[in-house]
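Number of protein chains: 2
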Amino acid sequence: LKPIEWRGDSLLLLDQSQLPFQKTWIELRDPEGVSSAIRNMQVRGAPAIGISASYGMVLSVNGSSLNEALDSMKRAKIVLDSARPTAVNLSWATSRMLNLANNAVEQGDVKNVKELRDLMEEEANQVFQEEYEAELKMGLYGLEKLNSGDAVLTQCNAGGLATGTGLGTALAPMKLAHALGMDISVFAPETRPWLQGSRLTVYELMEDGIKTTLITDTAVGLVMYKGMIQSVMVGADRILRDGHVYNKIGTFKEAVIAHEMGIPFYALAPTSTFDLKSEEKDVKIEERDPNEVRFLRGVPIAPAEVQVYNPVFDVTPPKYVTGIITENGIIYPPFEKNVRKIVQR
Amino acid sequence: LKPIEWRGDSLLLLDQSQLPFQKTWIELRDPEGVSSAIRNMQVRGAPAIGISASYGMVLSVNGSSLNEALDSMKRAKIVLDSARPTAVNLSWATSRMLNLANNAVEQGDVKNVKELRDLMEEEANQVFQEEYEAELKMGLYGLEKLNSGDAVLTQCNAGGLATGTGLGTALAPMKLAHALGMDISVFAPETRPWLQGSRLTVYELMEDGIKTTLITDTAVGLVMYKGMIQSVMVGADRILRDGHVYNKIGTFKEAVIAHEMGIPFYALAPTSTFDLKSEEKDVKIEERDPNEVRFLRGVPIAPAEVQVYNPVFDVTPPKYVTGIITENGIIYPPFEKNVRKIVQR
Chain A
7 LKPIEWRGDS
17 LLLLDQSQLP
27 FQKTWIELRD
37 PEGVSSAIRN
47 MQVRGAPAIG
57 ISASYGMVLS
67 VNGSSLNEAL
77 DSMKRAKIVL
87 DSARPTAVNL
97 SWATSRMLNL
107 ANNAVEQGDV
117 KNVKELRDLM
127 EEEANQVFQE
137 EYEAELKMGL
147 YGLEKLNSGD
157 AVLTQCNAGG
167 LATGTGLGTA
177 LAPMKLAHAL
187 GMDISVFAPE
197 TRPWLQGSRL
207 TVYELMEDGI
217 KTTLITDTAV
227 GLVMYKGMIQ
237 SVMVGADRIL
247 RDGHVYNKIG
257 TFKEAVIAHE
267 MGIPFYALAP
277 TSTFDLKSEE
287 KDVKIEERDP
297 NEVRFLRGVP
307 IAPAEVQVYN
317 PVFDVTPPKY
327 VTGIITENGI
337 IYPPFEKNVR
347 KIVQR
Chain B
7 LKPIEWRGDS
17 LLLLDQSQLP
27 FQKTWIELRD
37 PEGVSSAIRN
47 MQVRGAPAIG
57 ISASYGMVLS
67 VNGSSLNEAL
77 DSMKRAKIVL
87 DSARPTAVNL
97 SWATSRMLNL
107 ANNAVEQGDV
117 KNVKELRDLM
127 EEEANQVFQE
137 EYEAELKMGL
147 YGLEKLNSGD
157 AVLTQCNAGG
167 LATGTGLGTA
177 LAPMKLAHAL
187 GMDISVFAPE
197 TRPWLQGSRL
207 TVYELMEDGI
217 KTTLITDTAV
227 GLVMYKGMIQ
237 SVMVGADRIL
247 RDGHVYNKIG
257 TFKEAVIAHE
267 MGIPFYALAP
277 TSTFDLKSEE
287 KDVKIEERDP
297 NEVRFLRGVP
307 IAPAEVQVYN
317 PVFDVTPPKY
327 VTGIITENGI
337 IYPPFEKNVR
347 KIVQR
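Protein sequences, first through last, are from chains A and B.
Sequential numbering of the first sequence, starting at 7, is according to my numbering.
Sequential numbering of the second sequence, starting at 7, is according to my numbering.
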């Protein structure tokens with residue numbers, strides 16, 4: 007399962023808005039197309055968004071001069087960054103690409119647009135490769151927290167579909183555990199409004215032969231209360247230096263209940279997910295179209311004119327976070343002190 | 007909005023499985039039909055189930071002798087009680103009807119089947135009337151806990167559709183507050199799998215002109231975290247003498263988060279909801295068809311063969327319950343001591 011494929015002059019994405027019912031590939035040839043695919047959630051998940059945005063930046067390298075190409079990249083960064091405001095990987099990736107381009111041009115490392123484009127392509131491939139290696143390391147650190155027989159509660163899809171690599175962040179430990187012959191199972195809440203759990207996590211884990219149970223979002227409390235869950239592992243879209251974890255809406259409730267029931271709660275994310283500058287008050291929680299709640303796969307499920315509040319991320323305060331598992335190791339509280347030891351930028 | 011209508015020789019129910027998309031009435035002429043309507047959730051909500059079951063018992067009074075009629079009622083009680091195992095009002099109502107019938111026959115208060123049936127009809131009407139009066143009182147007690155400007159989070163539908171009277175239990179305080187000109191709004195989580203929130207609560211409150219916001223079940227944590235909610239009010243399907251509250255799946259998570267955020271959590275239920283005999287270990291949590299999670303209004307939303315755990319109630323321990331609002335007053339902790347003062351049976 008490899009949902010992102012770079013073709014040299016275009017980006018192929020497995021359309022996640024149609025999974026698991028249809029396997030449709032979309033081909034994108036410019037940053038506007040990539041931005042639109044991110045906005046429409048045809049590609050989703052913080053790392054996959056970062057990788058796609060990197061390739062979107064490659065596609066923006068055009069013009070008859072290096073200055074024109076850099077201008078085109080600056081415009082592309084604005085177009086791409088605006089697609090999803092909460093995911094920090096997006097602007098992290100576009101900044102990385104643009105900064106490298108600026109430096110290369112300034113220092114005369116590239117002589118023409120062709121060379122700049124080659125450099126950008128190499129860098130985007132590097133973003134992908136670093137992501138995959140980071141996931142392997144996160145998976146191994148996470149594996150230390152699992153015992154054979156454990157059932158793990160997750161949220162949304164922080165798997166190989168979300169990261170573009172086929173491995174994933176929060177699902178990586180369970181995939182490695184399964185590969186090593188451990189008896190591991192996963193409880194996947196459906197994750198309204200977009201049903202990443204029932205559509206993607208369940209699909210991805212079943213493809214890998216991992217025992218998976220689908221539950222409604224309303225049932226996350228009961229499964230923890232009944233002792234059916236030994237560990238909670240989720241991804242993250244943004245983590246602050248004090249340990250506030252932004253992730254898919256519904257994560258916060260899992261963290262609070264896990265805390266109350268004495269179940270460990272881990273966020274798994276590459277260090278690129280850390281936002282060391284912002285404070286909680288600075289971070290905007292993305293709200294999406296009310297029709298995502300009023301309709302489901304085109305079918306009305308509520309009165310058409312009802313008022314809707316549709317935030318798609320929430321924030322989990324550090325109090326409820328047992329540890330943050332990164333490619334550089336596991337960060338434990340106090341986060342204000344320990345994040346900086348692991349995340350150097 | 008009056009979803010239950012007794013016609014003398016049949017029971018008319020507004021089919022809640024089709025609301026708000028279709029307003030279909032079903033006409034039932036025997037206890038098997040009533041049991042099936044309860045099982046298929048064409049009528050749902052603990053008090054409405056109790057009222058419907060009472061009329062189901064009236065419909066069972068048949069035979070050429072009083073003994074035959076009593077036998078028929080005994081069989082009807084078994085058929086009706088099996089329809090939904092968690093709702094205690096169901097067996098409470100059928101026992102009330104059968105006990106009265108047994109006593110009336112034993113003591114010679116009724117001379118023939120016709121008189122027995124008249125007595126049963128009167129008693130079922132009485133069940134309805136007592137429910138309505140109880141809701142008015144609960145609404146007034148609940149009103150004491152509301153201030154103008156408050157937003158109340160609920161769960162499922164504990165409104166007039168759930169009780170059959172048009173008023174409701176958990177929604178009664180907000181309806182009275184609105185009628186008195188107070189500025190009150192309600193946040194309704196959609197309540198998967200059956201969407202009682204998006205389909206019924208939102209419909210019912212909008213019909214009454216009360217400001218209502220629909221949210222996903224995943225968003226209940228964030229709205230409390232952000233200070234958007236001043237009070238949580240939910241119904242109950244069964245309450246134990248030590249204060250354990252059984253209610254629609256998802257209630258527990260609201261209670262835990264409210265507790266953690268310092269928001270009061272109230273369960274509103276008539277004293278008929280109390281089960282003074284059972285302990286937590288005795289109560290079976292109803293699990294329903296996995297296809298309720300795999301499909302939504304007939305549309306597939308998950309891989310067809312995925313394993314599903316679909317409990318439809320959960321239990322909230324007394325630790326998280328601020329108070330239980332009944333028609334006889336508000337019960338505060340310690341429940342083990344205070345429930346008995348209010349609930350005499």
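Note that the Cβ used here is the ideal one computed from N, Cα and C, for glycine as well.
Please read all numbers here as calculations on a predicted model, not as lab measurements.
For B/H265, the nearest candidate out of B/K254, B/F319 and B/G329 (CA to CA) = When B/K254, B/F319 and B/G329 are compared, the shortest CA-CA separation from B/H265 is found for B/G329.
request  = Check whether the Cβ atoms of B/R205 and B/L25 lie closer than 8 Å to each other.
outcome  = It is a contact, given that the beta carbons lie within the stated cut-off.
query = Do A/Q22 and A/Q48 come within 8 Å of each other at the CB atom, strictly closer than that value?
reply = In this structure, A/Q22 lies closer than 8 Å to A/Q48 by Cβ.
Which residues DSSP lists as bridging B/S237, in chain order = In the DSSP assignment, B/S237 is bridged to B/V158.
query = Between B/G56 and the rest of its own chain, which residues show a CB-CB distance below 6 Å, the 5 nearest in sequence each way excluded?
reply = Once the five neighbours on either side are set aside, the close Cβ partners of B/G56 are N95 and A99.
request  = Go ahead and pull the three-state DSSP assignment for A/D115.
outcome  = The answer is coil: DSSP assigns A/D115 none of H, G, I, E or B.
inquiry  = Quick check on A/G187: buried or exposed, where buried means 16 or more other Cβ atoms within 10 Å of its Cβ?
reply    = Burial check for A/G187: the Cβ neighbour count within 10 Å stays below 16, so the residue is exposed.
ask   = For chain A, is any of its Cβ atoms less than 8 Å away from the one on B/S237?
value = No, B/S237 does not count as interfacial toward chain A.
inquiry  = If contacts are defined as beta-carbon pairs under 8 Å, then A/K254 and A/V318 qualify, I think. What distance do you get, rounded to the angstrom?
reply    = Confirmed, Cβ separation roughly 7 Å.
query = For A/R303, which residues in chain B fall below 7 Å Cβ to Cβ?
reply = Within 7 Å Cβ-Cβ: V305 and I307.
query = Taking a cut of 9 Å between CB atoms, which residues from the region 194 to 207 of chain B lie near chain A?
reply = Those residues of the region 194 to 207 of chain B placed with their C-beta closer than 9 Å to a C-beta in chain A are A194, P195, E196, T197, R198, P199, L201, G203, S204 and R205, ordered along the chain.
request  = Output yes or no for whether 8 Å exceeds the beta carbon distance between A/V226 and A/L159.
outcome  = Their beta carbons are under 8 Å apart, which means A/V226 touches A/L159 by this criterion.
inquiry  = Under DSSP, the alpha helix (DSSP H) around A/R244 begins and ends at which residues?
reply    = A/R244 -> not in any alpha helix (DSSP H); beta strand (DSSP E) instead, spanning R244 to L246.
Alpha carbon of B/I235 to alpha carbon of B/I331, nearest angstrom = B/I235 and B/I331: Cα-Cα distance of roughly 19 Å.
Neighbouring residues, chain A, relative to B/T224 (Cβ below 7 Å) = T197, R198, D223, I255 and G256, listed in chain order.
Neighbour-count burial assignment, B/W31, 16 or more Cβ in a 10 Å radius = Per the 10 Å Cβ criterion, exposed.
query = Just curious, the alpha helix (DSSP H) that A/I291 is in, first and last residue?
reply = That residue, A/I291, is in no alpha helix (DSSP H); it is neither H nor E in DSSP.
query = Closest Cβ-Cβ distance between B/Q22 and chain A: below 8 Å?
reply = It does not: the Cβ of B/Q22 has no partner Cβ on chain A nearer than 8 Å.
task = Could you tell me whether the region 187 to 198 of chain A touches the region 214 to 226 of chain A, where touching means 3 or more Cβ pairs closer than 8 Å?
result = As far as the Cβ criterion goes, the region 187 to 198 of chain A touches the region 214 to 226 of chain A, which means the pair count is three or higher.
ask   = On the three-state DSSP scale, how would you describe A/Q313?
value = A/Q313 sits in a strand when the DSSP states are folded into three classes.
message = Going by the DSSP bridge assignment, what does A/L19 pair with across the sheet?
response = Looking at the DSSP output, A/L19 bridges to A/I10 and A/I32.
CA-to-CA distance, B/I216 to B/D124, given in whole angstroms = Computed Cα separation, rounded: 40 Å.
Proximal residues to A/A91 (C-beta, below 6 Å), its chain only, five neighbours per side dropped = In the sequence as displayed, the identity of residue 91 of chain A is Pro instead of Ala. Spatial neighbours of A/P91 in its own chain (CB-CB distance under 6 Å, excluding positions within 5 residues in sequence) are listed in chain order as K290 and E292.
A/F341, DSSP secondary structure in three states = Helix at A/F341.
key: Proximal chain B residues relative to A/Y61, where beta-carbon distance stays under 7 Å   = Simply none; closest approach about 29 Å.
key: Segment limits, beta strand (DSSP E) that includes A/G329   = Counting along the chain, the unbroken beta strand (DSSP E) around A/G329 starts and ends at G329 to T332.
query = B/E136: which of B/K325, B/E150 and B/T169 sits nearest, CA to CA?
reply = Nearest C-alpha to B/E136: B/T169.
key: For A/T171, three-class secondary structure by DSSP   = A/T171 carries a coil assignment under DSSP once its states are collapsed to helix, strand and coil.
ask   = Which residue comes first and which comes last in the alpha helix (DSSP H) that contains B/L86?
value = Start and end: L72 to D87.
ask   = Given a threshold of 16 other Cβ atoms within 10 Å of its Cβ, counted over all protein chains shown, does A/R35 qualify as buried or as exposed?
value = So A/R35 ends up on the exposed side.
query = Name the chain A residues whose beta carbon is nearer than 8 Å to that of B/T218?
reply = Within chain A, the residues near B/T218 are V312 and Q313.
key: Cβ-Cβ separation, A/L104 to A/K83 (assumed contact under 8 Å), whole Å   = A/L104 and A/K83 do touch by the CB rule: their CB atoms are close to 5 Å apart, below 8 Å.
query = Per DSSP, what kind of secondary structure is A/F271 in: helix, strand or coil?
reply = A/F271 sits in a strand when the DSSP states are folded into three classes.
query = First and last residue of the alpha helix (DSSP H) that includes B/N297?
reply = Bounds of the alpha helix (DSSP H) holding B/N297 are N297 to R300.
query = If you drop the 5 nearest sequence neighbours on each side, which residues of the same chain put their C-beta closer than 7 Å to that of A/M239?
reply = The residues are G148, V158, T160, A176, P179, Y272 and L274.
inquiry  = Would A/Y252 pass as an interface residue toward chain B - the criterion being a Cβ-Cβ separation below 8 Å?
reply    = False, the Cβ-Cβ gap to chain B never drops below 8 Å.
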